[in-house]
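> Using the numbering used here, the first residue of the sequence shown is number 673, and each one after it goes up by one. Got a structure here, written out as structure tokens. Questions coming.
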Amino acid sequence: MIADYHSTYQFSLTDPKHFWLDAAEAIDWTKKPETAFDPALGVYGRWFSDGALNACANLLDRHVAGGRGEQAALIYDSPVTGVKRTYSYEELLREVARFAAILSDLGVGRGDRVVIYMPMVPEAVIGMLASARLGAIHSVVFGGFAANELAKRIDDARPKVILTASCGIEPTRKVAYKPLLDQAMAMASHAPDAVILLQRPELEAEMTPGRDHDWASLVLAADGRSAPCAEMEATDPLYILYTSGTTGAPKGVVRDTGGYLVALAWTMGAVYGVKPGETFFCASDIGWVVGHSYIVYAPLLIGATTILYEGKPVATPDAGALWRVMEEHKAVALFTAPTAIRAVKKEDSKGDKLAGRDLSHFRALYLAGERADPATIQWAADLLKVPVIDNCWQTETGWPIVANPVGLGALPFKPGSPTVPMPGYDVRVLDDAGHETPVGMLGNIVIRLPLPPGCLPTLWNDEARFRKSYLDGFPGFYQTSDAGFIDEDGYVFFMARTDDIINVAGHRLSTGGMEEAIAAHPDVAECAVVGVADALKGQTPVGFVVLKSGVSRDGAEIGREIVALVRDRIGPVAAFRETLTVARLPKTRSGKILRGTIQKIADGEDWTMPATIEDAAVLDEIGEALKGRGTT
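In structure tokens form, the structure reads like this:
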């Protein structure tokens, strides 16, 4: 590996063949690739097309063979049940190989799909890796997802088998999964051959005779059995991960096998600075891409220890939950969403819950999922006394587009920027006509094709939609649908989704810039800005503000201070005059604020309930707050 970021990045763009073939040396291949990239294959080309390997063998078998069998591979920590369990690499391999034999008995083989609809339990990870062992394609659907949305994914993936659990456990309730699955299967036109049900003692579910199999009984009957690893082409799909589409039909992002493993192995050292044998804590969910990449695949790929956390950043039991896990398991890094840190900040703004914790082994906090505002980054850095590093990527890319590469020597921090493009990503900013913008000018963030290894090669069974969604807008480039700019030092600033750029009296303004100003107010825990229709100006910005716990000052006074703050930092051109104080903001389960839905409610437009919303009742609260507009 080249020692510094700038030379590494230039090497990746000027000689991608040798850069990525060098990176591919970190992977065990049954057939080592000689071709790095073939532009004649697929929509824009394919990586390592002449290579063959197995993902599960790279995550488990090779580490056991290499002497890591007794090392901890997976630590399950569940504050919602009080259960903790550690699986060594040898134990996890045994469980995965046995479950692969069970799936094989049910007819699952290379290219078949397995839908996994489960909570954050070890069996979900075992199901993922057992599928990969057989060459089957897994598709994890966030546990507790609505039945109609689950039905769409079943019909699109057409799984041979579905893995599920009787329930998921939230801080204040139990969510029965099986009735939701039964409803989804009644709605879906496709019927799987079998369902494997994990009965949890907190809430058991009824079995459907002839279709459902008890997980524990199958495992008991298969004791001592195992299935071998199937040899897969590097271009074979490893998994399908659905992301919501604007038409209502989910988009099935396809992840290939070889390119994904090569990219992830490279990132663990170069981007996150994590070494084999160290413990990595990714406080995400396996239903999201961050959980796929950095709970399951990347840590195990390099022989690290990964933490599977069934809990929340707050309320399980309090705002010190993440620090407890970090201390107890001696994790060297934490990867979570900005919204999780804002939730901790809201409940414990002075950091009292950190007092007395020994985090001497803790080296860095990484954030991804949505834009990390500078105020939150600074709060966390002051509290934790470690670097707080934002990184920006998408379900589609599978690993960071822009980050601060700790393993290559971290670059200076600039508030508001996740720092610089990662190797392989030729990031540009274009205006709407496709011309490159001057330095510092807001525009459309795009990536010159080809995308690097690990990024999506297509959408599941929908190449036309892939082209329309990502490639047709700017020929020769991948369209991120993000707006931002690149400064004179090459730092990338993601200011908003392109849908969140608002037009105020002819001025294109970033809602992200306004949110950055609002978040600097000492009483604000989190915020969102949307542009609402205005007869005179076209749109005017309205801020929605959640205050920190314990703030008792008059909301109108705080609102006036926020207006003055935005005016000072952005200028009168922003025409920012309204803030509405709300108890919480509507979010997806991955922590993204539903700004588009808020905007539709404010404008009185028709809107549909987002499939990924965490708590639908919040939208009613937003509607009530909007009724009082103009009073601040």
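For every residue, glycine included, the Cβ atom is placed at its ideal position computed from N, Cα and C.
In chain order, what residues of the same chain lie with their CB nearer than 6 Å to the CB of Ala1012, ignoring the 5 residues before and after it?
Pro985
> Examine the Cβ distances between the segment 730-741 and the segment 841-861 and report whether three or more of them are shorter than 8 Å.
no
> Note down, in chain order, each residue of its chain lying with its Cβ closer than 8 Å to the Cβ of Ala1247, except the 5 sequence neighbours on either side.
Val1176, Ala1177, Lys1209, Thr1212 and Pro1213
> Quick check for students: name the residue ranges of the alpha helix (DSSP H) that lie wholly in the segment 1208-1254, counting only runs of 4 or more.
1227-1241
> His885 to Pro1093, Cα distance in whole Å?
47 Å
> Kindly indicate which three-state DSSP category Val1078 falls into: helix, strand or coil?
helix
> What is the rounded straight-line gap between the Cα of Thr1304 and the Cα of Glu1187?
Bear in mind that a pLDDT of 38 at Thr1304, under 50, signals an unreliable position, so the number given afterwards is only what the model happens to contain. Their backbone Cα atoms lie some 17 Å apart in a straight line.
> Do Ser760 and Ala899 have their C-beta atoms closer together than 7 Å?
no
> Under 8 Å by Cβ, that's how I've got Ile974 and Ser956 pegged, so tell me the actual separation to the nearest angstrom.
Contact doesn't hold; Cβ gap of about 18 Å is too wide.
> Considering only their Cβ atoms, is the gap separating Val867 from Ile834 smaller than 7 Å?
yes
> How is His810 classed by DSSP in three states: helix, strand or coil?
strand
> Straight-line CA distance for Pro1095 to Glu821?
36 Å
> List the residues that DSSP assigns as beta-bridge partners of His862.
Beta-bridge partners of His862 (DSSP): none assigned.
> Just to confirm my understanding: we take Lys850, look at its own chain, exclude 5 residues before and 5 after, and list those with CB closer than 6 Å. What are they?
Ser838 and Ala877
> Given a threshold of 16 other Cβ atoms within 10 Å of its Cβ, counted over all protein chains shown, does His678 qualify as buried or as exposed?
exposed
> When DSSP labels each residue in this structure, what does Phe952 get in the three-state scheme?
strand
> Is the CB-CB distance between Leu1128 and Val943 below 7 Å?
At the C-beta level, Leu1128 and Val943 stay beyond 7 Å of one another.
> In the DSSP assignment, find the alpha helix (DSSP H) that holds Gly840 and state where it starts and stops.
Per DSSP, Gly840 belongs to no alpha helix (DSSP H); it is in the beta strand (DSSP E), Cys839 to Ile841.
> Output the boundary residues of the alpha helix (DSSP H) element that contains His1001.
Ala993 to His1001
> For Thr686, which three-state DSSP category applies?
helix
> Note the first and the last residue of the continuous beta strand (DSSP E) segment covering Leu765.
Taken as a continuous stretch (DSSP letters only), Leu765 belongs to no beta strand (DSSP E), being part of the alpha helix (DSSP H) at Tyr761 to Asp777.
> Check whether the segment 1018-1026 touches the segment 976-994, taking contact to mean three or more Cβ pairs, one atom from each stretch, closer than 8 Å.
Short answer: they touch.
> For Ala1136, which residues from the same chain have a beta carbon less than 8 Å from its beta carbon, with the 5 sequence-adjacent residues on both sides left out?
By the criterion of a C-beta distance shorter than 8 Å, Ala1136 is surrounded by no residue of its chain, once the five residues flanking it on both sides are discounted.
> So the candidates are Val1235, Lys1264 and Asp1240; which of them puts its Cα closest to the Cα of Leu1252?
Val1235
> Could you say which of Ile774, Ala856, Arg805 and Ser1224 lies nearest to Leu732 if we only look at CA atoms?
Arg805
> Can you check which of these residues, Lys923, Ser1141 and Ile788, is closest to Leu869 by C-alpha distance?
Minimum Cα distance to Leu869 is reached at Ile788.
> For Pro637, name the three-state secondary structure that DSSP assigns.
Since the displayed the chain opens at 673 and closes at 1304, residue 637 lies outside it and no answer follows.
> Pull up the distance between the alpha-carbon of Gly1268 and that of Trp960, whole angstroms please.
20 Å
> Helix, strand or coil: how does DSSP classify Val946 here?
coil
> Determine, using beta-carbon pairs with one atom in the segment 1117-1127 and one in the segment 1067-1078, whether at least three such pairs fall under 8 Å.
yes
> Is the beta carbon of Met792 closer than 7 Å to that of Leu980?
yes
> Just how far apart, CA to CA, sit Leu1039 and Pro1147?
When rounded, the distance between both Cα atoms is 31 Å.
> List the residues that DSSP assigns as beta-bridge partners of Asp924.
Inspection of the sequence shows that residue 924 is occupied by Gly rather than by Asp. In DSSP, Gly924 forms a bridge with Tyr914.
> Leaving out five residues before and five after Thr918 in sequence, what residues of the same chain have Cβ atoms less than 6 Å from its Cβ?
Here Thr918 scores only 46 on pLDDT, less than 50, and its place in the model should not be relied on; the value that follows carries that caveat. Closer than 6 Å at Cβ, skipping near neighbours: no residue.
> Rounded to whole angstroms, what is the Cα-Cα separation between Leu1056 and Gly1079?
20 Å
> Helix or strand or just coil, what does DSSP make of Gly963?
helix
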